[in-house]
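Position one of the sequence shown corresponds to residue 2 (my numbering), numbered consecutively onward.
Working notes, structure below.
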Amino acid sequence: MGSTPTNIAVGLGLAVGLAACGDDGGDGACALTDGTSETATVHPAGCHVLERDTSACDAARAAAGLDGYWLQFSCRVELGKTSTEVTASADGRPDYLSNYFATGDRCHEDYTDAIQNPNTISAQSYQLQFPLVPTTTATSMRGTAVVGLALNGVPIYGNFAAPGDDIFEEALTFDRCGAHPQNQGKYHYHSEPYPISYDDARFIGVMRDGFPIYGRRDSDGALATGLDNNGGHTGTTPDSPSTAVYHYHVNLQTSTTTGTAGEQQWFLTTGQFAGVPGACTGCQ
Ligand SMILES: [Zn+2]
């Protein structure tokens, strides 16, 4: 009779093993967070800047000729390279929990410190082409929704809302990590993305004209100064410490619109590209 407890233990072990074959990683957790870990940097709303383990895709990217900040993109973003551009495919979903995943989705979390809009996050299929050699012909962002891609595969939008809406009012609906979905389930950042950068010099992503974007600060720790009408300037970066290169920064803007006048946001764009954006499928 002494063998019975052992048999029960083996039976339980098998059950756990079978559960591990599910698409949830076996622990019932949100699979989109796989490969991420929280850093000590945390926004007051409770969103941690995340570290992303790219060891599973580093070798393939290096073999494709990618280097520098491209290697910081999450493995959830598929990257390639041609002689003239870097290509990226992403589904646009975040790699952390949000109140904008449907209730019951294992990536859903409750968050009641903001106004929740009626939309829920759904997977998209973005295909972006970033010029390897950006032009310097300033171009309006109006008329396109996606203006860049954050390193976790979430699209970057401009500093403006849908026609007739006030972006500073829309900001009241951002989730814990500073983003929200529009009515087709397309989740996106307009402003400083807290799971990537919070009051620092971290690399955030690449805009569609091929120039990279960083947090509020330069690598010397000082707030970025001398930004042009596109929100960028030329100088060294954490990824180009000895050669000055053109790059964007998160930049502070103040509402002059009746109703929200005086409110401030660290937006990702000024509404204008420094160069001509590359082609994109799914960016309208
Ligand atoms: Zn800078």
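Each residue gets a CB set at the ideal place from its N, CA and C atoms; glycine is no exception.
Can you tell which of 92, 51, 82 has the C-alpha that lies nearest to the C-alpha of residue 282?
The residue labelled residue 282 in the question sits at position 281 within the sequence shown. When only C-alpha atoms are compared, the closest one is 92.
Is it true that the CB of residue 249 sits closer than 8 Å to the CB of residue 197?
One-based indexing of the sequence shown puts residue 197 at position 196. One-based indexing of the sequence shown puts residue 249 at position 248. No, the Cβ-Cβ distance between residue 197 and residue 249 is not below 8 Å.
Within 10 Å of its beta-carbon, does residue 230 have 16 or more other beta-carbons around it, so buried, or fewer, so exposed?
If you number the sequence shown from 1, residue 230 lands on position 229. By the neighbour-count rule (16 or more Cβ atoms within 10 Å), residue 230 is not buried but exposed.
What residues does ligand 1 have around it, judged by CB closer than 5 Å to any heavy atom, in chain order?
The set, ordered by position in the chain, is 219, 225, 236.
Does the Cβ of residue 219 have 16 or more other Cβ atoms within 10 Å, making it buried, or fewer, making it exposed?
For the purposes of this step, residue 219 is identified with residue 218 of the sequence shown, where counting begins at 1. Label assigned to residue 219: buried.
Between the Cα of residue 211 and those of 73, 54, 134, 128, spot the shortest distance and give me the residue it belongs to.
Against the sequence shown, residue 211 aligns to sequence position 210. The candidate whose alpha carbon is nearest that of residue 211 is 134.
According to DSSP, residue 202 sits in a beta bridge with which residue or residues?
As a working note, residue 202 is residue 201 in the sequence shown. The partner list for residue 202 (beta bridge, DSSP) is empty, contrary to what the question assumes.
Residues bridged to residue 149 (per DSSP):
Stepping through the sequence shown from its first residue, residue 149 is reached at position 148. Paired residues: 157, 208.
Going by beta-carbon coordinates alone, are residue 152 and residue 205 separated by less than 8 Å?
Residue 152 sits at position 151 when you count from the first residue of the sequence shown. Residue 205 sits at position 204 when you count from the first residue of the sequence shown. Yes. Within cutoff.
Among 216, 226, 208, which one has its Cα closest to the Cα of residue 278?
Here residue 278 refers to the residue found at position 277 of the sequence shown. Out of 216, 226, 208, the CA that lies nearest to the CA of residue 278 is found in 208.
Euclidean distance between Cα positions of residue 159 and residue 191:
By 1-based counting over the sequence shown, the position of residue 159 is 158. By 1-based counting over the sequence shown, the position of residue 191 is 190. When rounded, the distance between both Cα atoms is 6 Å.
Below 8 Å on the Cβ atoms is my guess for residue 274 versus residue 139; work out the distance and round it to an integer in Å.
By 1-based counting over the sequence shown, the position of residue 274 is 273. By 1-based counting over the sequence shown, the position of residue 139 is 138. About 7 Å; that satisfies the 8 Å criterion.
Among residues of its own chain, excluding the 5 on either side of residue 168, which ones have a beta-carbon nearer than 7 Å to its beta-carbon?
For the purposes of this step, residue 168 is taken as residue 167 along the sequence shown, with counting starting at 1. Result list for residue 168: 160, 161, 162, 191, in chain order.
Restricting to runs no shorter than 3 residues, where is the beta strand (DSSP E) found entirely within the region 217 to 264?
233 to 238, 241 to 250, 252 to 255
Give the straight-line distance between the Cα atoms of residue 186 and residue 125, rounded to the nearest whole angstrom.
Against the sequence shown, residue 186 aligns to sequence position 185. Against the sequence shown, residue 125 aligns to sequence position 124. If you take the alpha carbons of residue 186 and residue 125, they lie about 8 Å apart.
For residue 268: DSSP bridge partner residues
On the sequence shown, residue 268 is found 267 positions in, with the first residue counted as 1. In the DSSP output, where bridge partners are listed per residue, residue 268 has 192, 252.
C-alpha gap between residue 177 and residue 81, whole angstroms
Working through the sequence shown from its first residue, we reach residue 177 at position 176. Working through the sequence shown from its first residue, we reach residue 81 at position 80. Cα to Cα, residue 177 sits roughly 32 Å from residue 81.
From 58, 123, 111, 188, residue whose alpha carbon lies closest to that of residue 72:
In the sequence shown, counting from the first residue as 1, residue 72 sits at position 71. Among 58, 123, 111, 188, the Cα nearest to that of residue 72 is on 58.
Looking at the unbroken beta strand (DSSP E) that takes in residue 91, where does it start and where does it end?
Counting from 1 along the sequence shown, the entry for residue 91 is found at position 90. Unbroken beta strand (DSSP E) run through residue 91: 86 to 91.
Express the C-alpha separation of residue 236 and residue 226 in angstroms, rounding to a whole number.
The count along the sequence shown starts at 1 and reaches residue 226 at position 225. The count along the sequence shown starts at 1 and reaches residue 236 at position 235. Roughly 10 Å separates the two Cα atoms.
Sheet register partners of residue 110 (DSSP bridge):
Taking the first residue of the sequence shown as 1, we reach residue 110 at position 109. Paired residues: none, contrary to the question.
Let's see if you can read the secondary structure: which residues bound the beta strand (DSSP E) around residue 41?
On the sequence shown, position 40 is the one that residue 41 refers to. Segment 37 to 43, the beta strand (DSSP E) holding residue 41.
Decide yes or no for the touch test of the region 104 to 113 against the region 253 to 273: beta carbon pairs closer than 8 Å, at least 3 of them.
no
Backbone secondary structure at residue 24 - three-state DSSP
Within the sequence shown, numbered from 1, the residue matching residue 24 stands at position 23. Low per-residue confidence applies at residue 24: pLDDT is 41, beneath 50, and the placement is therefore not dependable, though the value from the model is reported in the following sentence. Residue state, collapsed to three classes: coil.
Which class does residue 61 belong to by DSSP, given the choice of helix, strand or coil?
For the purposes of this step, residue 61 is taken as residue 60 along the sequence shown, with counting starting at 1. Three-state DSSP puts residue 61 in a helix.
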